[in-house]
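Enquirer: Structure in structure tokens, see below.
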Amino acid sequence: MKTNKWILFMLGIMIFLTGITVQTVSATVKLEATQLDSSMAYPFELKDRNGKLIRMADFKGKVVVIDFWINRCAPCLALSEPLAKIRKYYESNKDIVFIDINLDDDADIWKYCLDHGDVQKNRTLYYTDSLSISLSTAPAGFYHPITSYYNMKGVPRWIIIGKEGEIIERNPPRPLPEKNGIESAGSLRFKALINEYLLSSSKKAKVR
Numbered sequence: 001m002k003t004n005k006w007i008l009f010m011l012g013i014m015i016f017l018t019g020i021t022v023q024t025v026s027a028t029v030k031l032e033a034t035q036l037d038s039s040m041a042y043p044f045e046l047k048d049r050n051g052k053l054i055r056m057a058d059f060k061g062k063v064v065v066i067d068f069w070i071n072r073c074a075p076c077l078a079l080s081e082p083l084a085k086i087r088k089y090y091e092s093n094k095d096i097v098f099i100d101i102n103l104d105d106d107a108d109i110w111k112y113c114l115d116h117g118d119v120q121k122n123r124t125l126y127y128t129d130s131l132s133i134s135l136s137t138a139p140a141g142f143y144h145p146i147t148s149y150y151n152m153k154g155v156p157r158w159i160i161i162g163k164e165g166e167i168i169e170r171n172p173p174r175p176l177p178e179k180n181g182i183e184s185a186g187s188l189r190f191k192a193l194i195n196e197y198l199l200s201s202s203k204k205a206k207v208r
């Protein structure tokens with residue numbers, strides 16, 4: 001009986017300490033996020049699949065579209081095709097960069113998804129493609145400060161960043177799949193928003 005009580009006591013201590021650890025990590029993430037200028041993009045430093053460190057600062061002078069996703073996210077898969085078509089549409093435009101950030105806490109899962117995709121409605125779909133720079137927040141996963149900074153509650157989520165690093169749009173229109181070969185209103189509005197800023201940026205550059 002004493003042994004059982006001792007085990008229960010130790011389990012209680014472990015749960016208590018675990019709770020403190022989780023709360024501490026969460027509080028640290030929020031503190032770091034609030035110390036930054038909320039009008040500017042989060043200054044991330046993340047690794048690609050080859051271990052190369054990629055920084056947000058590397059893309060100054062370009063419009064940046066960031067796509068957040070996670071493994072086993074059905075909406076992420078469903079919207080991957082229209083987003084791929086948008087990337088293809090801008091493939092020759094050197095003033096825009098597409099980045100996708102995986103929020104899984106396991107880098108091996110992320111890399112597997114990049115190579116093998118996932119099955120939805122008996123079709124293999126891919127979360128992203130070679131026209132996007134793929135990065136990961138592992139091992140932090142969804143606890144990475146970037147999610148708190150952008151006040152993220154779930155995925156998919158997109159952020160559009162301007163050429164000077166300013167946040168243009170935190171919640172752009174959803175690029176929904178085509179219907180009967182007709183591009184969705186969400187995809188059209190998504191591109192219109194990008195085009196508007198690309199045009200306004202080029203005008204500012206000429207004035208300078």
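Residue 27 in the UniProt record's numbering sits at position 27 of the sequence shown, with consecutive numbering throughout. For each residue, glycine too, the CB sits at the ideal point set by N, CA and C.
(1) Would you mind reading off the limits of the beta strand (DSSP E) that contains E169?
(2) When the Cα atoms are used, what is the spatial distance from A140 to N102?
(3) I'd like to confirm the pairing. Which residues does DSSP put opposite I96 in its beta bridges?
(4) So for S132, helix, strand or coil by DSSP?
(5) By the DSSP assignment, the alpha helix (DSSP H) with R87 in it spans what residues?
(6) Using a 10 Å radius around the Cβ and a threshold of 16 neighbouring Cβ atoms, would you call S38 buried or exposed?
(7) Let me know the secondary structure DSSP gives K47 once reduced to three states.
(8) Any idea what DSSP makes of L198, helix, strand or coil?
(9) Got a sec, what are the start and stop residues for the beta strand (DSSP E) T124 sits in?
(10) With a threshold of 8 Å, are at least 3 pairs of Cβ atoms found where one atom belongs to the stretch 123 to 139 and the other to the stretch 166 to 175?
(11) Taking DSSP as the reference, what is the three-state secondary structure of R72?
(12) Using DSSP with H/G/I as helix, E/B as strand and the rest coil, what is K52?
(13) What residues match up with N180 in a beta bridge as DSSP calls it?
(14) Thinking just about the alpha-carbon of each residue, which of A74, L83, A41, L77 is nearest to the one in G186?
(15) Using a 10 Å radius around the Cβ and a threshold of 16 neighbouring Cβ atoms, would you call K30 buried or exposed?
(16) Looking only at its chain, what residues have a beta carbon closer than 6 Å to the beta carbon of F44, apart from the 5 residues adjacent to it on each side?
(17) Taking buried to mean at least 16 other C-beta atoms within 10 Å of its own C-beta, is T128 buried or exposed?
(18) Counting only the same chain and skipping the five closest in sequence on each side, list residues whose C-beta sits under 6 Å from that of F59.
(19) For the structure I just gave you, are there three or more beta carbon pairs, one from the stretch 111 to 126 and one from the stretch 74 to 83, closer than 8 Å?
Expert: Result, derived from the coordinates:
(1) 167 to 169
(2) 11 Å
(3) V63
(4) coil
(5) 80 to 89
(6) exposed
(7) strand
(8) helix
(9) 123 to 125
(10) no
(11) coil
(12) coil
(13) According to DSSP, which records beta bridges pairwise, N180 is partnered with nothing at all.
(14) L83
(15) Note on K30: pLDDT 48, under 50, position unreliable in the model; the coordinate value appears next. K30 should be labelled exposed.
(16) M56, I146
(17) buried
(18) V97
(19) yes
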